[in-house]
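Residue numbers (UniProt numbering): 1 to 260. Just so it is clear, CB atoms sit at the ideal spot from N, CA and C, and this is done for glycine as well. Single-structure report; data block below.
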Amino acid sequence: MRPEQRTPIARYRHSLWLLTQRDLRVRYSTSVLGYFWSILDPLVMAGIYWFVFTQVFDRSAGSDPYIVFLLAALLPWMWFNGAVSDCTRAFLREAKLIRSTRIPRTIWVNRLVLSKGIEFLASIPVLVLFALLYGAELNVDAVFFPLAIVIQAILTAGVGLLVAPLVVFFRDLERAVKLILRFLFYASPIIYGTSDLPPELHFWAAFNPLSGIFSLYRAAFFPEQLDWFAVGISVIMSLVFLGLGLLVFRRTERAVLKEI
1 MRPEQRTPIA RYRHSLWLLT QRDLRVRYST SVLGYFWSIL DPLVMAGIYW
51 FVFTQVFDRS AGSDPYIVFL LAALLPWMWF NGAVSDCTRA FLREAKLIRS
101 TRIPRTIWVN RLVLSKGIEF LASIPVLVLF ALLYGAELNV DAVFFPLAIV
151 IQAILTAGVG LLVAPLVVFF RDLERAVKLI LRFLFYASPI IYGTSDLPPE
201 LHFWAAFNPL SGIFSLYRAA FFPEQLDWFA VGISVIMSLV FLGLGLLVFR
251 RTERAVLKEI
């Protein structure tokens with residue numbers, strides 16, 4: 001089908017996929033290890049935290065096997081962290097191309113969410129491998145894994161649409177986002193579970209939208225980690241972030257084009 005015969009949604013999907021393919025090819029075309037770079041960073045981080053909390057200190061958080069518990073949240077965190085970080089430069093890096101094309105500008109954010117999401121999906125075999133090596137049993141709650149992916153995609157896109165245009169006007173926001181993400185790493189149940197927090201913090205921890213998402217991922221191997229209250233809050237907050245991101249994006253789009 002020729003481009004002019006496609007519906008606007010079909011043209012959007014086609015352009016999104018082409019730009020996502022371009023990102024992935026540029027990222028790995030000159031790399032010898034290619035795909036392995038997408039899993040090396042989380043593996044190194046997981047190895048460090050596993051060593052510190054199982055070999056150096058007497059761990060009192062998480063579930064066994066701890067390496068699987070850790071990877072089940074660390075891998076999706078890398079997706080969120082990488083996509084939001086790249087969104088801070090989404091318009092600044094592609095300024096000339098954005099000005100010279102008429103495709104919807106939201107695509108410059110969504111292609112980063114999609115490319116990082118594909119890298120996350122490519123890292124899932126690593127989680128499965130460690131689950132097999134350490135005897136972590138897959139249970140029926142694994143059916144919620146796709147739900148976690150959908151909620152996280154909505155949340156990440158919403159935050160990206162919110163951050164991308166604002167950085168154009170406030171360049172210091174790029175560094176501020178990096179600091180916030182660093183804080184959010186330790187404020188999210190990655191190296192620990194929500195149930196490991198003091199009882200008085202359980203309610204407030206659910207308002208971190210990543211808490212419910214990570215509990216869905218972990219439920220595939222650790223059903224006791226599933227917290228439907230946190231999941232419900234994650235769904236609501238993800239939709240709120242998406243709505244807020246779209247609102248800010250649309251109201252600043254023309255000003256962004258003039259600024260870049």
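Report task. For Glu253, count neighbouring C-beta atoms within 10 Å of its own C-beta (all shown protein chains included) and say buried if the count is 16 or more, exposed if not. Result -> By the 10 Å Cβ count, Glu253 comes out exposed.
Requested in this report: Could you pull out every residue in the same chain whose Cβ sits closer than 6 Å to the Cβ of Leu114, ignoring the five residues on either side in sequence?
Outcome: Non-local beta-carbon contacts of Leu114 in its own chain, meaning distances under 6 Å to residues more than five positions away in sequence, involve Thr20 in chain order.
Report task. From the DSSP output, in three-state form, read off Gly243 for me. Result -> The three-state reading of DSSP puts Gly243 in helix, counting H, G and I together.
**Report entry** Within the segment 18–103, ranges of the alpha helix (DSSP H) (whole runs, at least 4 residues)
**Finding:** Counting whole runs of 4 or more residues, the segment 18–103 contains the alpha helix (DSSP H) stretches 36–51, 66–87, 90–93 and 95–100.
Query raised in the report: With C-beta atoms as the reference, is Pro165 less than 7 Å away from Val109?
Result: Going by C-beta atoms, Pro165 is not nearer than 7 Å to Val109.
**Report entry** Distance, Thr7 Cα to Pro76 Cα
**Finding:** Spanning the two alpha carbons is a distance of roughly 33 Å.
Query raised in the report: Just how far apart, CA to CA, sit Tyr192 and Ile103?
Result: Rounded to whole angstroms, Tyr192 to Ile103 spans 42 Å at the Cα level.
Requested in this report: Could you say if the segment 183–192 and the segment 87–94 meet the contact criterion of at least three C-beta pairs nearer than 8 Å?
Outcome: When Cβ pairs closer than 8 Å are counted between the two stretches, the segment 183–192 is seen not to touch the segment 87–94, the count staying below three.
Requested in this report: Measure the CB-CB distance between Phe221 and Val68 and report whether it falls below 7 Å.
Outcome: With contacts defined as CB atoms closer than 7 Å, Phe221 and Val68 qualify as a contacting pair.
**Report entry** Proximity of Lys116 and Gly82 at Cβ, strictly below 7 Å
**Finding:** A Cβ-Cβ contact shorter than 7 Å links Lys116 with Gly82.
Query raised in the report: Between which two residues does the alpha helix (DSSP H) carrying Glu119 extend?
Result: Start and end: Ile107 to Tyr134.
Query raised in the report: Excluding sequence positions up to five away, which residues of its chain have a Cβ less than 8 Å from the Cβ of Leu138?
Result: Exclusion of the five residues before and after Leu138 leaves Ala131, Ala220 and Phe221 as the residues of its chain whose Cβ lies within less than 8 Å of its Cβ.
Query raised in the report: Would you call Gln152 buried or exposed, if buried means 16 or more other Cβ atoms sit within 10 Å of its Cβ?
Result: Looking at its Cβ environment, which holds 16 or more other Cβ atoms inside 10 Å, Gln152 is buried.
Report task. From the DSSP output, in three-state form, read off Leu16 for me. Result -> Helix at Leu16.
Query - Proximity winner among Cys87, Trp228 and Ser85, relative to Ala148 (alpha-carbon distances) - result: Nearest C-alpha to Ala148: Trp228.
Requested in this report: Enumerate in chain order the residues of its own chain whose CB-to-CB distance from Ala157 is below 8 Å, with the five nearest sequence positions on each side excluded.
Outcome: Excluding five sequence positions before and after Ala157, the CB atoms of its chain that fall closer than 8 Å to its own CB belong to Val109, Asn110, Val113, Leu242 and Gly245, given in chain order.
Report task. Could you check what DSSP says for Glu224 in three-state terms: helix, strand or coil? Result -> Shown here, Glu224 sits in a helix according to DSSP, grouped into three states.
**Report entry** Rounded separation between Asp172 and Met45 - CA only
**Finding:** Met45 has its alpha-carbon roughly 27 Å from the corresponding atom of Asp172.
Query raised in the report: What is the rounded straight-line gap between the Cα of Trp17 and the Cα of Leu201?
Result: Distance between the alpha carbons of Trp17 and Leu201 is about 41 Å.
Query raised in the report: Alpha carbon to alpha carbon, how far is Ser195 from Tyr49?
Result: Those two C-alpha atoms are separated by around 19 Å.
Query - Cβ neighbours of Val167 in the same chain (closer than 6 Å, five flanking residues each side left out) - result: Within the same chain, Val167 has close Cβ partners Thr88, Leu173 and Glu174.
Query raised in the report: Does DSSP put Thr7 in a helix, in a strand, or in coil?
Result: Three-state result, Thr7: coil.
Query raised in the report: If you drop the 5 nearest sequence neighbours on each side, which residues of the same chain put their C-beta closer than 6 Å to that of Ala136?
Result: Around Ala136: Pro65, Val68 and Phe221.
Query raised in the report: Which runs of the alpha helix (DSSP H) fall wholly inside the segment 142–171 and span at least 4 residues, in chain order?
Result: You should have 145–169.
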